[in-house]
Every structure is written in structure tokens, then in C-alpha cells.
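This report refers to the structure that appears directly beneath it.
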Amino acid sequence: MYFQYYRSFLIAISLITSSLMSANAWSQNDLDTALQINVSGSRDDGQGFLSPNKVIAGDELQNKLGNTLGSTLANELGVSATGYGSGASRPVIRGLEGARVQILQNGLSVGDVSSVSPDHAVANPMQNTHQIEILRGAAALMYGSGSSGGLVNVLNDRIVTTLPDALSGAMNASYETVNQGKTGNIELDGPVGPLALHLDSTINNSNNYQIPGYAEQGGPNANWAINPGNPVNVPYSGKLPFSFSNQNSLGLGASYIRNDGYTGVSLERMNHNYGIPTAEDGFIQQSQNRYDLAHQTNNPFDGFSSLKLSAANTNYQHTEFTNNGIASTQWNNTATEARLELAHKQWLGSNGVIGAQVTGATLNAIDLATNNYAIVPQTKSNASALFLVEEGRYGDLKTSLGARYSYAAQNPNSATQFPSPESQKFVPNTYGPPIIQNRQFNLFSYSAGGIYDLAKGYGLGLAYTVSQRAPTPQELYSYGPHDSTATFDIGNSNLGTETSHNIELSFQKTLGDIRSKVSLYRNQFTNYIYGFYTGSYSTANDNFSVVQASQANANIRGAEGELSYNWNQTGIGSRIFGDVSQGSFNAGGNLPLQPAPRLGAEMAYQRNGWLSSATYIYSYQQNRLANWEIGPTPSYNLVNANLSYTERIGKINWTGYLALKNLLNQDIRYATSPMAVRLYAPQPGRSLMVGVRAAF
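Residues -27 to -1, 1 to 669, numbered by mature numbering (1 follows the signal peptide of the UniProt record, and there is no 0), are exactly what the sequence shown covers, in order.
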């Protein structure tokens, strides 16, 4: 099936390329200024396919905005998501997730522990988000070296960079039927002399959501057992227990605006209480305080266009509770990050940024019953980096170059006392804890690419990126039961650097009524880090499967493509699209948690204040699973629709909107979610959201 899918993609590429190269008769000279409906919900921000930078903003962001970052991006081209109820969902980019997909807030690390485990929510409230960027290639090297899947930057403009003329703001209120979800948020910007002040706040509360059928895949079935010898029967139907989510946040910002730049500070307080709908059940109470500083000076000295300094300090905490309300584990993460960027003016046809970055963090997880460590010992992480990114144009060729050197150190608490292997009662084999030892890594990543203009509006691109990643504390030092994944995790403190070699060939048509882009890629990994299911289990910990951090060579191959048509001057647009990725170990076998192939179609209409869209996505059955995964993951048909109307009354733009989600009430389970949640917790069923927005 996958071979046929790839063959279909290649045939489509050749047909699209040949037809579009001869389709100039379809185009007109004034198409550049004609009304274009951006059906895909993204723009390349001038970067083309090199970086590439996908930006989601405006009406498209409002239509796609979910309670979590993962649910917001889940249907973007090449992006899937994990899913732990309503509260926790991270994006999965081209089959890669966790530490391989870094999450930023305003260009700095979000500072949470969401990359440690998929049940840990991203500590970034979505309701006041202005823009989301997905970065790959050279652009991603400005922010990190280990993001082999990509990097997601969430912008909230809390630090205002230009002085407002007057008080401005926005308010929103909505209600959703599937979970009785109620959301309200407000945002205000205003001038006080040379100061620009900002306030934002959001409240988002939802109950357990409705599901189409049974919680357990295939209905109540004791044969679906992720723990050897301990099958779990989850007979729930109707509403999914522990799928609720309650969140609130407050953000404040102040900026001093100068003729040559700005200096600003901001603070954020976030609280989030959400359920974990696994067979174990439970919930998490999460909180974070964050403080940001940003400074920019334009034209600081000859040859340079700007100097930018930014820093953030985060104090993150969450407490995990059992299903009967007993606090079991507390996670703490304190992180400080600072970066300096110096943008130079054109030199030899190229503009670029040179910069430095330093990061320090302390991760601490405590078993509240014993006051000992939980899963992973306290670990202090430090990193420093230098980076350079260049973009240039030489005739018909546009180039993109990037390089980044990073030094990373992991320093676990040397006084950590691991439990004895005998006390864990492993069957049939016994596994000891990892060695507590400090580790240092020197990482070098680089990217080079070019896009050649075959004709006006037609480009052929090639990019090559090498990315190195240091193992995370949990991959190095874990030793303990992990309820949300129903595993006993064991780290390996001798893990080496993970290196990815990604090559990507792309074609794009960016002018005219018909537009298209197609990409083929291959990502080859040396020392790919993954959790290996050993076949043993711990009878002292609910028969949790023993999973050991391991390394092997692996590769991910994939294709993405879309073809859009915008009816000139009519306000109607349409799009067909698809993506597929296939991950495998070089020695044989499939990588775990790989997304299923998808095909889709979309239509949009915009006219006289009306904006409507409808999207259909078919997700194939995922039967290419790792040896230890239970499956297959079922296929599904997803239909979403949006309708809104905007009217200006006085000085206020009022927008009423409604959104239909999962219109066919399909049983949706992501192959990218761990078995502990995928087998027992589908995504929400059919839902209607209604709301009103006001902007002034």
C-alpha cells in the first residue's frame, strides 16, 4: 500500500509539473494583485521552500485554533499530533516528536517538561496566540540543533514593538457542545507616553468529552493488553473519563519604544488542571510563571541592520494525581535562556544573522510518597551555542545556509539512590539502573540549500541539513514506573550523539490561479534514540512493560504535496493535499509512533464579510507498526467546517462564528500516541462550537 502511495505521489508530481509548466495560458499579468484565498492557512513569509517557514495567522489561525498546540496543528501538511484527552497534545512533524520538535514561545524555549512525556501539556495558552511558525532547515538552526523534525514558534506579541496610536484590543467568547467547553479571553494594548502596555487573560474550561463509541479500541476487549499478563477492560462509552481540561492565564507586558528600537518586559502566570484518560486514569495540576525581556536596536553600527537581545526565565511545576485524587508525583523545571542576534546588511549578495545562545535548566521529579526521585533523578542541564544563518539571491538562484555549534552538558544528582532491581520484580529478565555520570556533548549542525527559478513563479529546490542532538536526561538516567505510558522506563547513560542527515527535493508554483508545492525527503539517522520494549515487565508496578533507551540506525522517507486553485476575483478557493512518511530501522522493522498517510481536500469562500471553509481528510489505516505496538490504528474520515461573518459597528469589528468538528462522528485514534492512550482514549466525537469576537 505504501509503495503504491509513493508511486501515486510521483505520478502526481510529474503530471502537476508538466501541466503547470505549460499552463501560462491560465495566468494573467494582473494575477499578482487579484484576490487570493489562502486555503492552506499558511504563507512562506518570503522564505520559499528553503527554510521552509510556514506561518499560520489571522482568520486561518482563528478557524484552526484548538485548546492545545497539537490539536491546532494536527491537520497541517506534514504535521500530526499526540493526544491525551483535551489537555495535552504536542505536534508531530514528519514522524518525529518529543525532543526532536522544539517548542518556542516568542523565540525562546517554552521551559516546560512536555518533551519528557506526551501526557505533559505544553505550557503555552493558545487562546491569545497571534501567530504560529513551523521552521525547518537553516531557519531552525537559529534556535536549536536537535530539532531534526522541526521547530514550532508560538507568538503572542506580549512585548509590543511599535507604539499604538490608541487603545486597541480584542475579546472572544465561545461554547462547544462535545465537552460543554466554555472559553473567554481578552487582550488590550495601549500607549502611555513612550510606553506601550499590554494585558491578556484567558479562561478555558471543558468537561469530559463525548466519544463516538467505546473508549477501548474495538469495544470492550480484554485481549487488548499493553501489560503482559494484566489485560485491562475499559467499558466506557458516551463520555470519556478524565478527558477534562480547565485552564486560565494572565499576561502583562510593557515596552519602551524608541526611534531606533524598543526595550520590553513581560510576565505570564498560567494554571492548568487536566485529566489523563489512560487505563490507569488520573489528572495533572500544572502551573508556570514566566518572565521575558526583549531589546532591539536598529542600525546599531555600520554594516548591521539590527541588534536583538532576548531572555526568559520560567518556573514550571506540575503535580500528578491518581484517579482517586492522591498526589503521587511532582515535577519541577526551572529554566533560564538568553540569546543575542546581530543581523548584518547585504554582503556579497547575502543577508544574515550571527548570534549566540546560553541555556540553563534544572529538572526535578519527586515521588511524594517516599520523597525520593520519580522516574528520572534531579538533573542540571547547561548549553551554549553559536550560530550563523545566511540567505542570498544570485540571479535565478536563491540560497540558504546555516551552521550551529552547541555544547551541552547533563549533570545528574550524584547522591541519587536507585531502588534495587530485585524490588521491582522483573519477569523474565532483570534490569539494573543506569550509571549516574555527568555527560558532555559537542554538537555541530549545518544546512545548505538552493531554489532555482525555472521560470517566473516556478521553483525547483534542493536542501540538505545535518542535525545533531544530545540525549535528554530521561533518555540517560530514567529508572522507574511511568503511569501515563504504562511502562517501566530505563535510561542508558552511555548513549551517544544522535545525528540526522535530511535531504529534500521540492517543486513549487507560486503565481497564478493554480499553485502547487510538492516535497520529497529522506531523513537518515545515525544512533537514533528510542524506547525498546524488552519483552519483560515489572510485577511490582502493575505489570508495566520494561522499556530501555536504545540506539540504532534508522531512516524516515516521506512526501508532501498540495495543489490549490483560486478562482480569480470570485473569493472561492480549493485545495487537494496529501502527506505520507514511513520510518524504519536500517536493520529491519518499523519505527514506533509513526503517523498514517493522509489525503484531503478543502474549499473556502470569502465575500462581503462572510468566510466559510470545509475540509475533508482521509487518514489511512496504520499497520506499519513497531514489533511491540498493538494495532493496527484504524482509518478514519474527518470532516470539519467553519462559517463566520464580520460586521463593523462603530469602531468595533464584530465576528460571529461557528465550527463543526468531526462532523461524521468518527472514531479517531492517532498512531502517533503511545498505546496506553491510543488503545483506550479516542479523540472527541462530533462537536459544534459557536462564538463571538470583537476587535477594536
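Positions of the beta carbon are idealized from the N, C-alpha and C atoms, including for glycine.
{"Item": "Just to check my reading of the structure: S492 and S479 have Cβ atoms closer than 8 angstroms, yes? What is that Cβ distance to the nearest angstrom?", "Value": "4 angstroms"}
{"Item": "Could you have a look at K318 and say whether DSSP puts it in helix, strand or coil?", "Value": "strand"}
{"Item": "Using 8 angstroms as the threshold, is the stretch 217 to 232 in touch with the stretch 102 to 110, meaning 3 or more CB pairs across them?", "Value": "no"}
{"Item": "On a CA-only basis, which of V127, L128 and A111 is nearest S120? Give me that one, please.", "Value": "A111"}
{"Item": "Would you report the Cα separation of P647 and L566, rounded to the nearest angstrom?", "Value": "7 angstroms"}
{"Item": "Taking the straight line between their C-alpha atoms, what separation do you get for Q319 and G325?", "Value": "8 angstroms"}
{"Item": "Within the chosen definition, does the stretch 575 to 582 reach the stretch 600 to 610 through at least 3 CB pairs nearer than 8 angstroms?", "Value": "no"}
{"Item": "Buried or exposed: V665, going by 16 or more other Cβ atoms within 10 Å of its Cβ?", "Value": "exposed"}
{"Item": "Please state the DSSP three-state secondary structure of S660.", "Value": "strand"}
{"Item": "Can you tell me where the beta strand (DSSP E) holding L478 begins and where it ends?", "Value": "E471 to K482"}
{"Item": "Whose C-beta lies closer than 6 angstroms to the C-beta of I159 among residues of the same chain, with five residues either side of it excluded?", "Value": "M144 and S174"}
{"Item": "Please name the residue or residues paired with H268 in a DSSP beta bridge.", "Value": "T236 and L282"}
{"Item": "Are the beta-carbon atoms of L77 and V127 separated by less than 8 angstroms?", "Value": "yes"}
{"Item": "As a quick exercise: from P568, T483, L611 and T307, pick the residue whose alpha carbon is nearest that of S557.", "Value": "P568"}
{"Item": "From G123 to L564, what does the alpha carbon distance come to, in whole angstroms?", "Value": "18 angstroms"}
{"Item": "Quick one: what's V439 bridged to in DSSP?", "Value": "Y419 and H474"}
{"Item": "Use the C-beta contact count for N434: other C-beta atoms within 10 angstroms, 16 or more gives buried, fewer gives exposed.", "Value": "In the sequence as presented, Asn is not what sits at residue 434; that position holds Gly. Under this definition G434 is a buried residue."}
{"Item": "In or out: V165 buried (at least 16 other Cβ within 10 Å) or exposed?", "Value": "exposed"}
{"Item": "Could you spell out the range, first to last residue, of the beta strand (DSSP E) harbouring S489?", "Value": "I487 to S511"}
{"Item": "What is the residue span of the alpha helix (DSSP H) that E395 lies within?", "Value": "P394 to Q397"}
{"Item": "CB-CB under 6 angstroms to S547, same chain, minus the five flanking residues each way: which ones, in chain order?", "Value": "Y538 and M576"}
{"Item": "Which partner residues of H103 appear in the DSSP bridge assignment?", "Value": "None, per the DSSP bridge assignment."}
{"Item": "Could you compute how far the alpha carbon of T292 sits from the alpha carbon of S82?", "Value": "21 angstroms"}
{"Item": "Have a look at the DSSP bridge pairing and note the partners of T175.", "Value": "N158 and S222"}
{"Item": "If contacts are defined as beta-carbon pairs under 8 angstroms, then K398 and A513 qualify, I think. What distance do you get, rounded to the angstrom?", "Value": "4 angstroms"}
{"Item": "Comparing alpha-carbon positions, which option in F274, Q351 and E535 lies nearest L315?", "Value": "F274"}
{"Item": "According to the neighbour-count rule (16 or more other Cβ atoms, all chains shown, within 10 Å of its Cβ), is T148 buried or exposed?", "Value": "At residue 148 the sequence reads Tyr, which differs from the Thr that was named. Classification for Y148: exposed."}
{"Item": "Where L114 and E241 are concerned, what is the direct C-alpha to C-alpha distance, given to the nearest angstrom?", "Value": "27 angstroms"}
{"Item": "By Cβ distance below 7 angstroms, which residues in the same chain neighbour V519 in space, the five residues on each side in sequence not counted?", "Value": "F399, Y404, F461, I463, T507, S509, Y510 and S511"}
{"Item": "If you follow the beta strand (DSSP E) that S554 is part of, which residue opens it and which one closes it?", "Value": "I545 to F558"}
{"Item": "Can you give me the C-alpha to C-alpha distance between T6 and N129, rounded to a whole angstrom?", "Value": "In this prediction, T6 has a pLDDT of 27, which is less than 50 and means its spatial position is unreliable; what the coordinates show is noted afterwards. Cα-Cα distance, rounded: 30 angstroms."}
{"Item": "Determine the burial state of P91: buried for a count of at least 16 other Cβ atoms within 10 Å of its Cβ, exposed for fewer.", "Value": "buried"}
{"Item": "Sort Y235, S239 and N177 by Cα distance to L280 and report the nearest one.", "Value": "Y235"}
{"Item": "What residues are listed by DSSP as bridge partners for P64?", "Value": "A54"}
{"Item": "Which residues does DSSP list as the beta-bridge partners of A654?", "Value": "A654 is not bridged to any residue."}
{"Item": "Give me, in chain order, the residues of the same chain whose beta-carbon lies closer than 8 angstroms to that of S87; leave out the 5 immediate sequence neighbours on both sides.", "Value": "A61, R63, I76, H93, A94, V95 and A96"}
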